[in-house]
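I have placed the structure first, in the form of structure tokens, so that the comments after it can refer back to it.
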Amino acid sequence: MADTQGGSGRSRVDTGTLGKAIAVLDIVASADEPMRFTDILALSSQPRGTLHRQLSNLVEEGLLSLGRDHSYSVGIRLLKFAAKAWAGNQFRAIAEPHLRALHDLTGETVHLGVLRGSEVIYLDKVESRQAVRMYSQIGNASPVYCTGVGKAAMSALPEAELRDLVSTIRFKRFTDSTLITPDALLNEISEIRDSGNAYDREEHEPGIRCVAAPIYSSDRSFVGGVSVTGPAYRISAEALESWAGLVRNTASSIMDDMGARLGPRT
């Protein structure tokens with residue numbers, strides 16, 4: 206068996222087609238930014254033709270994404286797999302009691318999500334006590350630009366990263382209230398940074414509203430959000446405003462616990 210070098214510099218054993226595909230995934234996933242074919246080729250032990258086929262297959266399966274500039278980055282399908290695994294990790298365990306406390310105060314559905322690319326992936330959910338409930342599911346992904354959690358997460362990004370992300374979004378109108386231009390989204394993100402709260406005013410689904418707040422690690426290595434969501438007929442704009450402080454406090458409490466339990470040990 207021949208040893209090869211993956212993109213992360215770790216020694217690998219050639220395990221056939223699957224092993225080679227995983228090696229390619231590792232190279233792309235370990236990079237700080239999208240990679241071009243020649244960059245991947247330089248880090249891979251595979252012949253040019255074999256690597257091209259591997260990349261094409263990975264893109265077709267949704268595990269890698271091919272950008273307009275012909276660069277490769279991690280695909281949404283792989284991110285969903287990662288979110289499924291992450292849903293059982295310490296972060297979710299730390300956040301859970303705070304989510305339940307927020308649910309007890311509002312009676313409506315509470316979501317915890319994390320930013321991945323141009324989508325937000327839901328890591329946890331506490332269902333409403335009401336008869337009419339949300340159809341969202343843990344592990345599902347939604348667009349960042351028209352969801353409360355997504356916009357809250359975006360507001361936590363450094364300005365350069367925010368603008369880079371916005372430039373990749375392919376805007377789609379879901380409702381009459383959906384923001385569909387980069388300028389409109391950036392203006393709203395600025396307002397979210399000032400107030401500490403993001404809103405979904407029936408922007409993704411007709412009849413659904415939410416108020417959210419950002420959650421992020423101390424080094425901004427990941428950003429996400431927490432929200433309270435419910436049907437518009439039951440949740441007025443005034444109700445959303447009345448919950449805004451509660452949602453901010455919940456986000457702050459989660460971050461405090463994250464810092465205490467997941468931060469560096471001395």
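According to the numbering used here, the residues represented by the sequence shown are 206 to 471, in order.
Where is the CB? At the ideal position from N, CA and C, for every residue including glycine.
Identify the residues that DSSP records as bridge partners of residue i: which are they?
i: I397; result: Beta-bridge pairing links I397 to no other residue.
i: D405; result: C415
i: P436; result: I413
i: A236; result: Beta-bridge pairing links A236 to no other residue.
i: Y327; result: G318
i: G429; result: V319 and I420
i: A346; result: I326
Express the C-alpha separation of residue j and residue i in angstroms, rounding to a whole number.
i: L230; j: G280; result: 10 Å
i: S458; j: H303; result: 7 Å
i: V431; j: D274; result: 34 Å
i: D381; j: L390; result: 15 Å
i: T373; j: I245; result: 22 Å
i: S360; j: Y350; result: 11 Å
i: S276; j: T243; result: 10 Å
i: G399; j: A357; result: In the sequence as displayed, the identity of residue 399 is Asp instead of Gly. Distance between the alpha carbons of D399 and A357: 12 Å.
i: A437; j: E443; result: 11 Å
i: G318; j: I326; result: 5 Å
i: M460; j: S441; result: 28 Å
i: R364; j: L370; result: Here the sequence assigns Glu to residue 364, which means Arg is not the residue at that position. Distance between the alpha carbons of E364 and L370 is about 10 Å.
Count the other CB atoms within 10 Å of the CB of residue i; is the residue buried (16 or more) or exposed (fewer)?
i: T222; result: exposed
i: E324; result: buried
i: A473; result: The question about residue 473 has no answer here: the residues shown for the chain are numbered 206 through 471.
i: S395; result: exposed
i: R253; result: exposed
i: Q259; result: buried
i: A298; result: exposed
i: K377; result: exposed
i: A456; result: buried
Can you tell me where the beta strand (DSSP E) with residue i in it begins and where it stops?
i: I385; result: Counting along the chain, I385 falls outside any beta strand (DSSP E), and DSSP gives it neither H nor E.
i: H316; result: T314 to R321
i: S270; result: L269 to L271
i: S278; result: Y277 to V279
Does the distance from the C-beta atom of residue i to that of residue j stay below 8 Å?
i: L263; j: A226; result: yes
i: V315; j: L269; result: no
i: Y412; j: R453; result: Tyr is not the amino acid found at residue 412; the sequence shown has Gly there. No, they are not a contact pair.
i: G353; j: A306; result: no
i: R414; j: L445; result: yes
i: E313; j: G435; result: yes
i: L384; j: E408; result: yes
i: L362; j: V416; result: no
Could you spell out the range, first to last residue, of the alpha helix (DSSP H) harbouring residue i?
i: E265; result: R253 to E265
i: D244; result: F242 to L248
Taking only beta-carbon positions, decide if residue i is within less than 8 Å of chain D.
i: R305; result: Checking the listed chains, one finds no chain D in this structure; it contains a single protein chain.
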